[in-house]
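**Q** Okay, handing you the structure first.
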Amino acid sequence: LAKTTQPISMDSYEGQEVNITCSHNNIATNDYITWYQQFPSQGPRFIIQGYKTKVTNEVASLFIPADRKSSTLSLPRVSLSDTAVYYCLSGGTDKLIFGTGTRLQVFP
Amino acid sequence: DVKVTQSSRYLVKRTGEKVFLECVQDMDHENMFWYRQDPGLGLRLIYFSYDVKMKEKGDIPEGYSVSREKKERFSLILESASTNQTSMYLCASSLIPGQFNSPLHFGNGTRLTVT
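Quick note, the sequences are listed as chains A and B, same order.
Counting in my numbering, the first sequence runs without a single skipped number right up to 237 at its last residue.
Counting in my numbering, the second sequence runs without a single skipped number right up to 1199 at its last residue.
Written as structure tokens, this is what we have:
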């Protein structure tokens, strides 16, 4: 059964780059790694997904090493509005497993 | 944009009541999911469905059942509500049938309190 582990919380300041790392024990060959963002009183929102190496979109970058045992979500130049909980998720043809989330607090 | 709508933002029910939580998605997605979210425990999967009238147990199905009579609608049923079912309930959908890599689209949740 896949399981993800990530830091409980992180602090940052506006304008900094933030990297959140997730470990993926027993990730299966067909599993993708997906990250979600959640604001209070809202459902999680899809940010980015990848299988290996690096993926970048307008919001974030995702780095996945060759062994795929971990992944790093990179948020460039965060703002106050990036304060949220970030979840990493690994899954494929089997049930999805969410991590416990990383609470990112961005300070002015 | 996909819209996943949960019928109630807040519900208060009494112990032993039968509770229905409704979820509708408007993008013809094949997969639908029910999660509950509790502090310190993250999101846990209760049930999911990859087709009409199909359902599969997630990690914590005990005390719950589901119904999917139409593709766009997925209902979560608490047959006899208990206080330990007080939680935030989140519905989600995704596009590709049986393929759980497909990104999830969540509703805004129903906060259920059982007294």
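Heads up, the beta-carbon is just placed ideally off N, CA and C, and yes, glycines get one too.
Here the structure is a predicted model, which means the values were calculated and not measured.
Between the alpha carbons of B/HIS1113 and B/PHE1158, how many angstroms are there, rounded?
**A** Distance between the alpha carbons of B/HIS1113 and B/PHE1158 is about 11 Å.
**Q** Run through the DSSP bridge pairs and tell me what B/ALA1176 is partnered with.
**A** Paired residue(s): B/PHE1117 and B/PHE1190.
**Q** Looking only at C-alpha atoms, which of A/THR150, A/GLU146, A/GLN145 and A/GLU143 sits nearest to A/ILE137?
**A** That would be A/THR150, whose Cα lies nearest to the Cα of A/ILE137.
**Q** Quick check: the Cα distance between A/THR201 and A/ASN148, rounded to an integer number of angstroms?
**A** Answer to the nearest angstrom: the Cα atoms are 6 Å apart.
**Q** Quick check: is the beta carbon of B/PHE1158 nearer than 9 Å to any beta carbon in chain A?
**A** By this cut-off, B/PHE1158 is not an interface position.
**Q** Rounded to whole angstroms, what is the Cα-Cα separation between A/ASN159 and A/PHE227?
**A** If I take the Cα positions, the gap works out to 17 Å.
**Q** Buried or exposed for A/ASP211, please, with buried defined as at least 16 other CB atoms from any protein chain shown within 10 angstroms of its CB.
**A** Under this definition A/ASP211 is a buried residue.
**Q** Could you check the C-alpha separation between A/VAL184 and B/ASN1185 for me, to the nearest Å?
**A** Spanning the two alpha carbons is a distance of roughly 15 Å.
**Q** Classify A/TYR142: buried if its beta carbon has 16 or more other beta carbons within 10 angstroms, exposed otherwise.
**A** Exposed, since its Cβ has fewer than 16 Cβ neighbours within 10 Å.
**Q** Who are the near neighbours of A/GLY220 in its chain, counting only those whose CB is closer than 8 Å to its CB and skipping five residues on each side?
**A** If we look at A/GLY220 and ignore the five residues flanking it on each side, its Cβ neighbours are ALA131, ASP160, TYR161, THR163 and ILE226.
**Q** Is the Cβ-Cβ distance between B/LEU1160 and B/LEU1105 less than 9 Å?
**A** Yes; because the gap between Cβ atoms is below 9 Å, this pair is in contact.
**Q** Tell me which residues share the same chain as B/LYS1102 and place their Cβ nearer than 8 Å to its Cβ, disregarding the 5 neighbours each side in the sequence.
**A** For B/LYS1102, where only same-chain residues beyond five positions count, the Cβ hits under 8 Å are ILE1161, LEU1162, GLU1163, SER1164 and ALA1165.
**Q** Please work out which residues of its chain come closer than 7 Å, Cβ to Cβ, to B/LYS1154, disregarding the five sequence neighbours upstream and downstream, and give them in chain order.
**A** Correct list, in chain order: VAL1136.
**Q** Counting only Cβ pairs nearer than 9 Å, list the residues of chain B close to A/TYR216.
**A** The contacting residues are GLY1126 and LEU1127.
**Q** Would you mind sorting A/THR231 into buried or exposed? The rule is 16 or more other CB atoms within 10 Å of its CB.
**A** It is buried - the Cβ of A/THR231 has at least 16 other Cβ atoms within 10 Å.
**Q** Can you check whether the C-beta of B/HIS1113 is within less than 9 Å of a C-beta belonging to chain A?
**A** Not one chain A Cβ lies under 9 Å of B/HIS1113.
**Q** How would you list, in chain order, the residues of chain B whose beta-carbon sits under 7 Å from the beta-carbon of A/GLY230?
**A** What A/GLY230 touches in chain B: GLY1126.
**Q** Interface residues of chain B around A/GLN166 at Cβ under 9 Å?
**A** Those within 9 Å of A/GLN166 in chain B number zero; the least Cβ separation is about 11 Å.
**Q** What's the call for B/TYR1173, buried or exposed, on a 16-neighbour Cβ count within 10 Å?
**A** Looking at its Cβ environment, which holds 16 or more other Cβ atoms inside 10 Å, B/TYR1173 is buried.
**Q** Flag B/LEU1095 as yes if its beta-carbon sits less than 9 Å from any beta-carbon of chain A, otherwise no.
**A** Cβ-Cβ to chain A under 9 Å: no for B/LEU1095.
**Q** Kindly indicate which residue of B/GLY1193, B/VAL1198 and B/THR1197 has the alpha-carbon position closest to the one of B/THR1089.
**A** Here the closest residue by C-alpha is B/GLY1193.
**Q** At the level of alpha carbons, what is the spacing between B/THR1197 and A/PRO194?
**A** Distance between the alpha carbons of B/THR1197 and A/PRO194: 43 Å.
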